[in-house]
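Visitor: Basically this note's numbering = 1-based index in the sequence shown + 34.
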Amino acid sequence: MRKTLLLLLATVITLAPDGSAFGSVGSGQSDKSTTARELYVPFEDLNVILEGQPRRVLLSREEYQQLKKAAVTEAEARPSRDAAILAADYRIDVQSGRALITGELSIEVLVPGIHALPLDLAGVGLRKAELDDGNAPIGRSDEGRLDLFVSGKGLHTLRLELVAPLETTAATQVLNYRLPTPAATKVRLTVPGDVEVKAGAETISRELDEAGSVTRFELVPRRGDVSLVMTLNSKLLRQERIVVARSVMVDEVTQVYERLHATFSMTALHKAVDTFEFRLPEGFEV
């Protein structure tokens with residue numbers, strides 16, 4: 035009787051629907067629709083079974099079971115994300131023509147290694163960024179997005195200093211921005227004078243500090259682009275007069291004379307106006 039050596043191969047042989055056999059190196063998880071088989075093959079006949087599998091390794095049963103168990107455990111325990119922003123606390127300080135935004139973000143790294151964490155920023159300029167006690171390594175991706183490179187499993191703190199332009203119209207002041215907004219986010223807003231938030235965010239609380247002549251808000255955070263519309267400072271409205279003037283002019287030219295027809299419409303937005311004066315160049319008759 036021929037002497038054979040029976041070995042357990044680290045190769046899973048599956049049966050296809052047509053009955054043919056094919057093999058693949060163990061990957062930790064197999065499709066539920068396939069059936070795993072153990073084949074005991076004489077040592078001298080291994081080349082017939084493995085000729086289509088140039089990448090292979092020969093293991094004992096104990097080593098194979100340990101590796102298989104470790105692969106399944108690691109696949110089940112690995113989190114869906116390598117790193118994530120857990121919470122954010124923003125303070126927006128509106129000044130003349132701009133807004134200063136400071137933010138403190140709590141970041142958790144779940145998997146060891148260096149990871150690129152996207153920062154959803156738009157409409158703002160980055161002045162300063164600190165990660166824990168040092169400068170934050172931030173780069174720009176091919177898509178133009180800012181990415182934070184963070185390493186070290188555990189919790190980290192990212193501190194940001196941002197600036198955004200403030201658009202002021204005849205009746206409102208508008209602040210446009212987009213910030214990273216995890217589920218646990220706080221947004222606090224400080225605006226000079228007595229103002230109201232008209233659109234762009236819901237207000238949790240409003241406090242008027244008459245001594246400091248500022249209004250403080252706590253806003254409901256919103257994800258994505260935010261266009262925060264506020265009224266003008268009431269003190270500013272009492273000090274400055276704003277009038278919107280519209281005019282239509284028609285020039286009538288004949289062989290004898292030239293006549294200019296003009297219609298003016300004035301609207302006083304802030305503070306009352308008693309009279310309007312019009313000056314004509316020399317040579318014109320009314």
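Even for Gly, the Cβ is constructed at its ideal location relative to N, Cα and C.
Per DSSP, what kind of secondary structure is residue 197 in: helix, strand or coil?
Guide: Position 163 of the sequence shown, counted from the start, is the residue given in the question as residue 197. Of the three classes helix, strand and coil, the one that applies to residue 197 here is strand, per DSSP.
Visitor: Is the CB-CB distance between residue 135 and residue 126 below 9 Å?
Guide: Working through the sequence shown from its first residue, we reach residue 135 at position 101. Working through the sequence shown from its first residue, we reach residue 126 at position 92. Yes; because the gap between Cβ atoms is below 9 Å, this pair is in contact.
Visitor: What residues match up with residue 162 in a beta bridge as DSSP calls it?
Guide: As a first step, residue 162 must be located in the sequence shown, where it is residue number 128. Answer is 195.
Visitor: So, does the stretch 161-171 touch the stretch 189-197, judging by three or more C-beta pairs under 8 Å?
Guide: In short, these stretches touch, since the Cβ pair count reaches three.
Visitor: Anyone know if the C-beta pair for residue 261 and residue 217 falls short of 9 Å?
Guide: Residue numbering aside, residue 261 sits at position 227 when the sequence shown is read from its first letter. Residue numbering aside, residue 217 sits at position 183 when the sequence shown is read from its first letter. Contact flag unset, no.
Visitor: Would residue 256 and residue 215 qualify as a contact pair, given that the criterion is a beta-carbon distance under 9 Å?
Guide: Within the sequence shown, residue 256 is the residue found at index 222, counting from 1. Within the sequence shown, residue 215 is the residue found at index 181, counting from 1. Yes, the pair counts as a contact, with Cβ atoms nearer than the cut-off.
Visitor: Could you tell me the distance, in whole angstroms, from the CA atom of residue 176 to the CA atom of residue 101?
Guide: Taking the sequence shown and counting its residues from 1, the one referred to as residue 176 is at position 142. Taking the sequence shown and counting its residues from 1, the one referred to as residue 101 is at position 67. Their backbone Cα atoms lie some 39 Å apart in a straight line.
Visitor: Return the residue from the list 128, 92, 158 that minimises the CA-CA distance to residue 77.
Guide: Position 43 of the sequence shown, counted from the first residue, corresponds to residue 77. Considering only alpha carbons, the answer is 92.
Visitor: My output table needs one value for residue 310: the three-state DSSP class, helix, strand or coil.
Guide: The residue labelled residue 310 in the question sits at position 276 within the sequence shown. Reduced to three states, the DSSP call for residue 310 is coil.
Visitor: Can you tell me which of the three DSSP states residue 135 falls into?
Guide: Translated into the one-based positions of the sequence shown, residue 135 becomes position 101. DSSP places residue 135 in strand when its eight states are reduced to three.
Visitor: State the Cα-Cα distance for the pair residue 200 and residue 131, rounded to the nearest angstrom.
Guide: Residue mapping note: residue 200 aligns to position 166 of the sequence shown, counting from 1. Residue mapping note: residue 131 aligns to position 97 of the sequence shown, counting from 1. In a straight line, the C-alpha of residue 200 is about 5 Å away from that of residue 131.
Visitor: Going by alpha carbons, who is nearest to residue 228 out of 241, 236, 220?
Guide: Indexing the sequence shown from 1 puts residue 228 at position 194. For residue 228, the nearest C-alpha among the options comes from 241.
Visitor: Taking the C-alpha atoms as reference points, what is the distance between residue 296 and residue 311?
Guide: One-based indexing of the sequence shown puts residue 296 at position 262. One-based indexing of the sequence shown puts residue 311 at position 277. So the alpha carbons of these two residues sit roughly 14 Å apart.
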